[in-house]
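Numbering (my numbering), first residue to last: 4 to 332. Backbone N, C-alpha and C define an ideal beta-carbon position, used for all residues, glycine too.
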Ligand SMILES: Cc1cc2nc3c(=O)[nH]c(=O)nc-3n(C[C@H](O)[C@H](O)[C@H](O)COP(=O)(O)O)c2cc1C
């Protein structure tokens, strides 16, 4: 059955958040179209984010992160209950959200906020955050006022009109969570496709003479065995110097790749193929045009495939030691 987590966004002693969450839970469990469970951050104590890699990588080092990821993975959708602290959501809630990524993505979420004026600033920020995580934030939302929905500012007595609004919010969260469960997720781009896209990125950036675009494709410590001297070009700045040089040689430049064959591992990949740099020289004549052998080695860094090493060569005629530059793939 579809499982919806009702997340309490505050942990301070004497918080009002648990009253709000339990009211939502009590109303929700009357429905019968999903299972609802309160998620209390007090039961999931998390230090300030201490994972070395971004959550986007899904590679968690700490037991507390994995336990939190297991908890959140078990839900198909959420109602987030947030107070407003200084016109924003509590740090503890932001921290708990920041710990994970894929566990939130594509899941439905509804917001119930509370504060002196309903906590609407916090709700707006939470919505933006959830949308950034590609969650499906439902439009109906609830804003409970400390002045009118809490007796003596402390005991939750929500106005009757909130009941209908809460039901509408739950209708949406349940419907979207059920739909998400039954719709297979869109296929993720395979690593091989990502590698091919990286190489396309090289050809596009070269044609546009876009040095900054090229910079984004390389690891900062790339070791390049390029075709021209010296023996090695160390670091992305040295590599870009090579490309900048090419851009001064050619007025218009293109880079063509043929027979690219990527081989992909978990966080290392390589691809070999043939490349041809050609174009128009400043005097209008055609230049370049020889095919070279090119090997690109990638490392997955923070979820992105970056070129950590490349090797460009032509075969050598061993009799005279000269490069053979007129071969075609
Ligand atoms: C640090 C802090 C900052 C607050 N800032 C705001 C605010 O900017 N706007 C508002 O409407 N209420 C603000 N409040 C009031 C809270 O929304 C209210 O006390 C609420 O009950 C806090 O949630 P909690 O009881 O679950 O911790 C603030 C409360 C605290 C503790």
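Relative to the C-alpha of residue i, which candidate in the options has its C-alpha closest?
i           : options            : result
residue 251 : 108, 145, 282      : 282
residue 11  : 227, 95, 253, 157  : 95
residue 137 : 28, 110, 154       : 110
residue 254 : 122, 212, 272      : 212
residue 311 : 299, 321, 325      : 299
residue 129 : 208, 97, 28        : 97
residue 161 : 175, 174, 173, 146 : 146
residue 179 : 13, 37, 25, 126    : 37
residue 194 : 181, 170, 269      : 269
residue 8   : 124, 132, 177      : 177
residue 23  : 307, 158, 322      : 158
residue 330 : 59, 292, 301, 126  : 292
residue 173 : 13, 125, 84, 289   : 84
residue 225 : 289, 303, 155      : 303
residue 26  : 234, 301, 214, 165 : 165
residue 241 : 256, 257, 223      : 223
residue 272 : 197, 284, 327      : 197
residue 183 : 328, 78, 155       : 78
residue 126 : 90, 297, 75        : 90
residue 171 : 234, 328, 34       : 34
residue 4   : 185, 327, 323, 309 : 185
residue 58  : 99, 81, 154        : 99
residue 234 : 74, 313, 82        : 313
residue 221 : 249, 301, 323, 288 : 301
Cutting at 8 Å between CB atoms, please list the residues of its own chain near residue i, excluding the five before and the five after it.
i           : result
residue 53  : 65
residue 230 : 295, 315, 316, 317
residue 50  : 67
residue 245 : 227, 229, 231, 236
residue 72  : 63, 102, 103, 106
residue 70  : 47
residue 108 : 136, 137, 138
residue 335 : Within the shown structure, residues of the chain are numbered from 4 to 332, placing residue 335 beyond reach of any answer.
residue 325 : 319
residue 216 : 204, 207, 208
residue 257 : 206, 209, 210, 280, 281, 282
residue 290 : 252, 253, 281, 282, 283, 284
residue 123 : 87, 116, 146
residue 249 : 209, 256, 280
residue 327 : 317, 318, 319, 320
residue 175 : 111, 113, 141, 142, 143
With a CB to CB cut of under 7 Å and the five nearest residues on each side skipped, what residues in its chain are close to residue i?
i           : result
residue 342 : Not covered by the structure: residue 342. The range shown for the chain is 4 to 332.
residue 56  : 62, 305
residue 168 : 143, 145
residue 151 : 162
residue 121 : 146, 147, 148
residue 39  : 7, 9, 28, 31, 32
residue 60  : 305, 306
residue 214 : 243, 246, 247
Name, in chain order, the residues that DSSP records as bridge partners for residue i.
i           : result
residue 146 : 116
residue 227 : 236, 313
residue 139 : 111
residue 325 : 320
residue 153 : 159
residue 8   : 40, 81
residue 249 : Paired residues: none, contrary to the question.
residue 307 : 304
residue 221 : 310
residue 258 : 280
Among the residues of its own chain, which have a CB less than 6 Å from the CB of residue i, if the five just before and after it don't count?
i           : result
residue 259 : 279
residue 140 : 112, 130, 133, 134
residue 274 : 198, 263, 265, 299
residue 13  : 20, 86, 93
residue 154 : 160
Does the stretch 41-51 touch the stretch 105-118, meaning 3 or more C-beta pairs lie closer than 8 Å? no
Stretch-stretch touch, CB-based, cutoff 8 Å, three pairs: the stretch 13-20 with the stretch 61-74: With the cut-off at 8 Å, the stretch 13-20 and the stretch 61-74 do not touch.
Hey, which unbroken runs of the beta strand (DSSP E) at 3 residues or more fall wholly within the stretch 80-110? 80-86
I want to know whether the stretch 254-273 touches the stretch 199-215 - three or more CB-CB distances under 8 Å. yes
What are the uninterrupted segments assigned as alpha helix (DSSP H) that are 4 or more residues long and contained completely in the stretch 260-303, given in chain order? none
Every unbroken alpha helix (DSSP H) within the stretch 16-47, with a cutoff of 4 residues, ordered by chain: 20-31
Segments of 3+ residues assigned as beta strand (DSSP E) that fall wholly inside the stretch 177-216: As far as the stretch 177-216 is concerned, it has no whole beta strand (DSSP E) run of at least 3 residues.
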